[in-house]
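First up is the structure itself, then whatever we jot down about it.
2 protein chains.
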Amino acid sequence: MPRVSMADVAAHAGVSAQTVSRVVNGSPRVDPQTRARVEEAMTALGYRIHRAAQALRTGRTRTIGLVVSTLATVGNSRMLQAVCAAAEARDYAIVVVTATADSGIRPAFSRLHDRAVDGAIVLNEATRLVQMAGTTGDMPLVVVDAEPAAHLVTVQTDHADGARAATAHLLAGGAETVHHLAGPADSFAAAERERGWRAALANAGAAVIEPVRGDWGSRSGAAAATALADATAVFAANDQMALGLLHGFADLGRRVPDEVAVVGFDDVPEAVDYLPPLTTVRQDFDALAARAVARLIDLAEGTAARAGASDGDAEVLAAELVVRESSRPVRAV
Amino acid sequence: MPRVSMADVAAHAGVSAQTVSRVVNGSPRVDPQTRARVEEAMTALGYRIHRAAQALRTGRTRTIGLVVSTLATVGNSRMLQAVCAAAEARDYAIVVVTATADSGIRPAFSRLHDRAVDGAIVLNEATRLVQMAGTTGDMPLVVVDAEPAAHLVTVQTDHADGARAATAHLLAGGAETVHHLAGPADSFAAAERERGWRAALANAGAAVIEPVRGDWGSRSGAAAATALADATAVFAANDQMALGLLHGFADLGRRVPDEVAVVGFDDVPEAVDYLPPLTTVRQDFDALAARAVARLIDLAEGTAARAGASDGDAEVLAAELVVRESSRPVRAV
DNA sequence: AACCGGGGTGTTATCGTCAACACACCGAGT
DNA sequence: ACTCGGTGTGTTGACGATAACACCCCGGTT
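Have a look at this one:
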């Protein structure tokens, strides 16, 4: 049995296809009786709107592209899930495209352009967004965790403040100063976390030791342990690197938290079961995703043109310190 | 500037739109000179095919739906990434829909049906697939990690064999028997892993202690530690639960691996940095995803009708034991 | 000379939906 | 009686791509 079209429904209800369209789109210009008859016909025939045809006619697909560098980080995959949920609630679908470092974002946007998505959300690692200014054409865009800039709508966690809180917490615990295991140099989130760490140290008048740099992965955290062997407190830029650090310190015989305190960032679900359970900074990925989707849909549907409200518009969501055993005060109270 | 259509390209190249279509679709019935002229016009104008129009005319969207219960498990998010990569290589796009336990799969498939996807891949937790036999209509379907059944194409890791290898490894290490921290009762993968564990015990004539059941999350693993306090070897159904178990054992003062050996499943990237580094069973998610996508595209494009080769067709990929410190032999060699 | 076959190309109609316009009807105001 | 505004509905014509068919031009048969 072939697809049921508006014409079929129209015939069954004894009206024109246009009236069916009006019912589907909730136009007020339909007699309640007629509307009821059409709706009855729709359920009777099992009518489903043909999105491709709708897209062809209206130019809008009710589809959002999600550009993601990798899903290997817990943060990204949680964002993806949250974005899906938020989009589904608005009757939008998500198509995922990957943009790796070597492929660049151009092919990703090319695919999205083909698919005529109504807009795109870019996750993370967006420092190199500058490259693509021209490429995206006029596609509405919301970037997560990127440098706020003119003509760019961004949504981000307050990485700097979270990092500041983590560092202050470690200082309050009695550490002379706090070492930092930073993320990749080209990551905005990593830069922000580093900035917050520096600010907290400056605020307390503590010495700044140049950070060790990792790649977000736990292996790089383990590798950093020797370089950080004389630290009494370390703020790691994410939980995975913190985990590696815990491992590295264990191998070196450095006891956590008795000899060295460790704090991470993200609050991955497993952090509570690390050994010892990890103090970390929790991001509200659900809220972040909901805001990103809401902003994008506003842009895509909005009559408020992009010249107006969208200029360099940045939204920042708070992060929350979660204290666990890995940062029990170094010198007992 | 509005969208560039085939007609525009055709005008620019001095041919008809149909000829442009033939060039785009690689028809052999085009003079090489004409083809060159058309291709030149396409790049000159920046032509991009309009998928919605193509979909309307051809009835196919070059889009694959991915139905996923959650992305909280590492396995699922790695599968998602791998599926995206495999699909992109074939010029297909992925749209992700979630089907939670309460929402059921019906709305998910409804969304996919609207979107006119060419087929769908269902990830995991598919025991309740039976519910949807009628719902999917004739949409081509590949299910990952589900009970093979007639009229169902499945792709799966050899969970049972991986579990068997893990259990045999623990027995070889000197354990009297091996306890099992199982996954949720409604999960196919969990059932298979349990089956492999039982088989290995039976094979060795070891006693079977009824498994403790978790929910894949690390917290459930930690909670299971007390119930498993007298074990000398535990096979956990995934790495996250194994991590929780390591935490729980540490709290109980049970030393791993000296007093109790632990093995997980999945080989998440962090497993190597758990304390102690976790022995586990590695799944090849990339291969799994590539096979799933390949099978689905065959189904969707295949002239080989579904009555033929697709009947109860199951593909099984090997898993590999990765030995680390958490299972160092209980009784020294 | 008439015919054939096939490569290369154009024409036409169509997929399902919706914007724009047309129209028919009705009660209210002049 | 006659316009008027509003309401409910139908008609027409795109949107962009392509399947099906029609056509022309050629060299090679009969």
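Chains as they are written, first to last, in numbering that gives the first Met the number 0: chain A, 0 to 332; chain B, 0 to 332.
Using N, Cα and C, we set each Cβ at its ideal position, and we do this for glycine too.
Predicted, not measured: the structure shown is a model, and the values here were computed from it.
For Ala6 of chain A, the secondary structure class from DSSP, reduced to helix, strand or coil, is helix.
Looking from the CA of Ala288 of chain B, the closest CA among B:Phe108, B:Asn75, B:Asp30 belongs to B:Asn75. For the 8 Å CB-CB criterion, Ser326 of chain A and Thr278 of chain A form a contact.
Rounded to the nearest angstrom, the gap between the Cα atoms of Val96 of chain B and Gly64 of chain B is 7 Å. About 16 Å separates the beta carbon of Ala313 of chain B from that of Pro139 of chain B, a gap too long to meet the 8 Å contact definition. Taking the CA atoms as reference points, Val23 of chain B sits about 13 Å from Ala6 of chain B. When only Cα atoms are considered, Leu316 of chain A and Leu122 of chain A end up about 15 Å apart.
The region 212-227 of chain A and the region 239-249 of chain A touch, with three or more beta-carbon pairs separated by less than 8 Å. Spanning the alpha carbons of Leu200 of chain B and Asp117 of chain B requires a straight line of approximately 44 Å. The beta carbon of Leu169 of chain A is closer than 7 Å to those of Val177, Ala232, Phe234, Ala260, Val262, Ser326 in its chain, skipping five residues each way along the sequence. Around the C-beta of Ala228 of chain B, fewer than 16 other C-beta atoms lie within 10 Å, and the residue is accordingly described as exposed. Chain-ordered listing is empty here: chain B has no CB closer than 9 Å to the CB of Leu44 of chain A, the nearest sitting near 14 Å.
In the DSSP annotation of this structure, the continuous segment of the alpha helix (DSSP H) that includes Ile296 of chain A starts and ends at 284-300.
By the Cβ neighbour-count rule, Gly13 of chain B is exposed, with fewer than 16 other Cβ atoms within 10 Å of its own.
Relative to the Cα of Arg192 of chain B, the nearest Cα in the group B:Gly172, B:Val280, B:Arg114, B:Arg36 belongs to B:Val280. Using beta-carbon distances, Gln239 of chain B counts as an interface residue toward chain A, with a partner under 8 Å. Contact annotation for Leu180 of chain A against chain B: no contact, minimum CB-CB distance about 13 Å [criterion: below 7 Å]. Counted as a single uninterrupted DSSP element, the stretch harbouring Phe234 of chain A is not any alpha helix (DSSP H) but the beta strand (DSSP E) occupying residues 232-235. In this structure Gln32 of chain A is exposed. Its beta-carbon is surrounded by fewer than 16 other beta-carbon atoms within 10 angstroms. Residues of chain A with a Cβ closer than 7 Å to the Cβ of Ala51 of chain B are, in chain order, Ala51, Ala54, Leu55, Thr60, Ala115. Of all residues in the region 215-228 of chain A, the ones placed with a Cβ closer than 8 Å to any Cβ belonging to chain B are Gly216, Ser217, Arg218, Gly220, Ala221, in chain order.
In the assembly as shown, Gly25 of chain B is an exposed residue. Its beta-carbon has fewer than 16 other beta-carbons within 10 Å. His179 of chain A: member of the beta strand (DSSP E) spanning 178-181, first to last residue.
Bridge pairing for Ala92 of chain A: A:Thr62 [DSSP].
By the 16-neighbour rule on beta-carbons within 10 angstroms, Glu269 of chain A is buried. Between Asp214 of chain B and Asp238 of chain B, the C-beta gap is not smaller than 8 Å, which leaves the two residues out of contact.
In the DSSP assignment, Ala159 of chain B is bridged to no other residue. Around the C-beta of Arg114 of chain B, 16 or more other C-beta atoms lie within 10 Å, and the residue is accordingly described as buried. Gly243 of chain B reaches chain A at Asp272, counting residues in chain order whose Cβ is nearer than 7 Å. Per DSSP, reduced to three states, the secondary structure at Glu258 of chain A is coil, with no helix or strand assignment. 8 Å or more divides the Cβ of Arg21 of chain B from the Cβ of Val8 of chain B. If you draw a straight line from the Cα of Ala52 of chain A to the Cα of Val271 of chain B, it comes to about 50 Å. Residue contact check for Ser186 of chain B against chain A: no CB pair falls below 8 Å. Interface criterion not met: the Cβ of Ile296 of chain A is under 8 Å from no Cβ in chain B. Taking the C-beta atoms as reference points, Gln155 of chain B is found no nearer than 8 Å to Leu70 of chain A. Straight through space, the alpha carbons of Asp285 of chain B and Met78 of chain B are spaced by roughly 7 Å.
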